[in-house]
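K.L.:
Numbering (the numbering used here), first residue to last: 329 to 608. Please find one structure pasted underneath; my questions will follow.
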Amino acid sequence: MPTPNFNGLRVLALESRRAKEIASLIETYGGAATVAPAMREVPIESNPEALTFADALLAGSFDIVILLTGVGTRALLEVVQTKHPSDAFIAALRRTKIVVRGPKPLSVLREWQVPVWVAAPEPNTWKELLAALDATGDALEGKRIAVQEYGAANPDLLAGLDERGAVVTRVPVYRWALPEDLEPLRGAVRAIAARELDVAIFTTATQLVHLLKVAATMNQEAEVRAGLKHLVVASIGPTTSEELRQEGIQIDLEASHPKMGFLVREAAERSADLIGGRRP
329 MPTPNFNGLR VLALESRRAK EIASLIETYG GAATVAPAMR EVPIESNPEA
379 LTFADALLAG SFDIVILLTG VGTRALLEVV QTKHPSDAFI AALRRTKIVV
429 RGPKPLSVLR EWQVPVWVAA PEPNTWKELL AALDATGDAL EGKRIAVQEY
479 GAANPDLLAG LDERGAVVTR VPVYRWALPE DLEPLRGAVR AIAARELDVA
529 IFTTATQLVH LLKVAATMNQ EAEVRAGLKH LVVASIGPTT SEELRQEGIQ
579 IDLEASHPKM GFLVREAAER SADLIGGRRP
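Rendered as structure tokens:
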């Protein structure tokens with residue numbers, strides 16, 4: 329099998345925490361990388377919802393806790409530590425049925441030696457999570473469930489739990505903000521509008537939201553939306569793809585596994601053909 333290669337295609341990534349890693353991957357596969365970090369994680373330092381949740385958890389008031397992200401799980405502990413000892417909080421988690429959406433919160437809980445009752449399988453969306461809960465055979469009617477949120481609420485997950493009769497408590501832990509330095513993102517807006525890129529890689533839909541927000545401040549949102557139709561749009565997985573489509577963005581390829589390495593490799597494999605079909 330030939331090695332996947334972008335063959336010099338101009339590839340935009342909007343990754344923040346792993347910006348250097350994704351740039352290196354793109355270049356390893358022969359792409360010309362443009363990385364414009366689109367997000368900044370902002371922990372909610374004064375988080376009354378999280379502290380109220382911790383009080384209730386320590387009092388044994390929850391039947392199930394759903395943890396959606398590894399970063400959010402760690403951030404939750406940081407907030408709780410401002411009021412309660414970490415050992416007491418972790419011990420309370422051990423006494424509660426824990427549900428995780430994917431491997432990252434699962435890894436954190438293994439580190440803390442907290443047993444997991446249910447782990448949603450790939451591709452780790454809210455659909456798999458609800459299906460995994462249903463597969464336990466335990467009715468959720470009347471169960472008190474806390475859901476750790478990551479930046480924004482997941483209305484489909486919340487609605488699914490509500491339909492099953494659960495009493496749901498949302499626990500927001502952190503939110504996403506625009507990066508402090510907006511110039512790389514402004515550069516990406518200009519490049520998309522001018523059709524100077526070939527591929528756009530999204531590892532979360534919030535990247536698109538922030539890209540469009542910055543484009544709007546530059547009076548170029550319409551141009552960016554039109555420019556994205558000219559690009560190959562690659563998504564890391566079903567959750568991101570679903571949210572991008574809700575924003576009216578067509579997905580050209582989705583990683584076979586929701587991991588950055590798979591995403592970049594498969595984009596390198598397929599982008600040239602996709603562009604060829606689009607630009608005869």
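C-beta atoms are modelled at their ideal positions from N, C-alpha and C, and glycine is treated no differently.
If Leu536 sits next to Leu572, beta carbons under 8 Å apart, how far is it from one beta carbon to the other, in whole angstroms?
P.N.:
For the purposes of this step, residue 536 is taken as the residue at position 208 of the sequence shown. For the purposes of this step, residue 572 is taken as the residue at position 244 of the sequence shown. Sure, about 6 Å apart at Cβ, within 8 Å.
K.L.:
My parser needs the beta strand (DSSP E) runs of 3 or more residues fully inside the stretch 464-520; what are they?
P.N.:
The qualifying runs are 472-477, 495-500, 502-505.
K.L.:
Would DSSP call Phe381 helix, strand or coil?
P.N.:
Residue numbering aside, residue 381 sits at position 53 when the sequence shown is read from its first letter. DSSP places Phe381 in helix when its eight states are reduced to three.
K.L.:
In whole angstroms, give me the CA-to-CA distance for Asp580 and Val592.
P.N.:
As a working mapping, residue 580 is identified with position 252 in the sequence shown. As a working mapping, residue 592 is identified with position 264 in the sequence shown. So the alpha carbons of these two residues sit roughly 13 Å apart.
K.L.:
Short check: CB of Leu556 to CB of Ile577, under 7 Å?
P.N.:
Numbered from 1 along the sequence shown, position 228 holds the residue referred to as residue 556. Numbered from 1 along the sequence shown, position 249 holds the residue referred to as residue 577. Cβ distance < 7 Å, so Leu556 and Ile577 count as in contact.
K.L.:
Rounding to the nearest angstrom, what Cα-Cα distance links Leu386 and Asp462 in this structure?
P.N.:
Locating residue 386 in the sequence shown gives position 58, counting from the first residue. Locating residue 462 in the sequence shown gives position 134, counting from the first residue. Approximately 26 Å, taken between the alpha carbons.
K.L.:
With DSSP as the reference, label Leu581 as helix, strand or coil.
P.N.:
Looking up residue 581 in the sequence shown gives position 253. Residue state, collapsed to three classes: strand.
K.L.:
Could you tell me which uninterrupted alpha helix (DSSP H) segments, each at least 4 residues in length, are contained entirely in the stretch 347-434, listed from first to last along the chain?
P.N.:
With a minimum length of 4 residues, the continuous alpha helix (DSSP H) runs that stay inside the stretch 347-434 are 347-356, 376-386, 398-408, 414-422.
K.L.:
With Leu342 and Phe530 assumed to form a contact (beta carbons below 8 Å), what rounded beta-carbon distance in angstroms separates them?
P.N.:
Along the sequence shown, one-based indexing puts residue 342 at 14. Along the sequence shown, one-based indexing puts residue 530 at 202. With a Cβ gap of about 7 Å, Leu342 and Phe530 count as contacting.
K.L.:
Since Arg338 is in the beta strand (DSSP E), which residue starts that stretch and which ends it?
P.N.:
Reading the sequence shown from its first residue, position 10 is the one you call residue 338. It spans 338-341 - the beta strand (DSSP E) in which Arg338 sits, taken as one unbroken run.
K.L.:
Under a three-way DSSP split, which group does Pro608 fall into?
P.N.:
Counting from 1 along the sequence shown, the entry for residue 608 is found at position 280. At Pro608 the pLDDT is 49, less than 50, meaning the model places this residue with poor confidence; the figure from the coordinates comes in the next sentence. DSSP places Pro608 in coil when its eight states are reduced to three.
K.L.:
Whole angstroms is fine: what's the gap from Lys425's alpha carbon to Val444's?
P.N.:
By one-based count along the sequence shown, residue 425 stands at place 97. By one-based count along the sequence shown, residue 444 stands at place 116. About 7 Å.
K.L.:
Please report the Cβ distance between Tyr502 and Gly400, rounded to the nearest whole angstrom; I am assuming they are in contact, meaning their Cβ atoms lie under 8 Å.
P.N.:
Looking up residue 502 in the sequence shown gives position 174. Looking up residue 400 in the sequence shown gives position 72. About 6 Å; that satisfies the 8 Å criterion.
K.L.:
Is Phe590 helix, strand or coil by DSSP?
P.N.:
Position 262 of the sequence shown, counting from 1, holds the residue named residue 590. Correct three-state label for Phe590: helix.
K.L.:
Return helix, strand or coil for Val542, following the three-state DSSP convention.
P.N.:
As a working mapping, residue 542 is identified with position 214 in the sequence shown. Of the three classes helix, strand and coil, the one that applies to Val542 here is helix, per DSSP.
K.L.:
Could you check the C-alpha separation between Val527 and Ala403 for me, to the nearest Å?
P.N.:
On the sequence shown, position 199 is the one that residue 527 refers to. On the sequence shown, position 75 is the one that residue 403 refers to. Those two C-alpha atoms are separated by around 33 Å.
K.L.:
Along the chain, where does the beta strand (DSSP E) that runs through Ala528 open and close?
P.N.:
In the sequence shown, counting from the first residue as 1, residue 528 sits at position 200. Unbroken beta strand (DSSP E) run through Ala528: 527-530.
K.L.:
If you drop the 5 nearest sequence neighbours on each side, which residues of the same chain put their C-beta closer than 7 Å to that of His558?
P.N.:
The residue you call residue 558 lines up with position 230 of the sequence shown. Here the set comprises Arg523.
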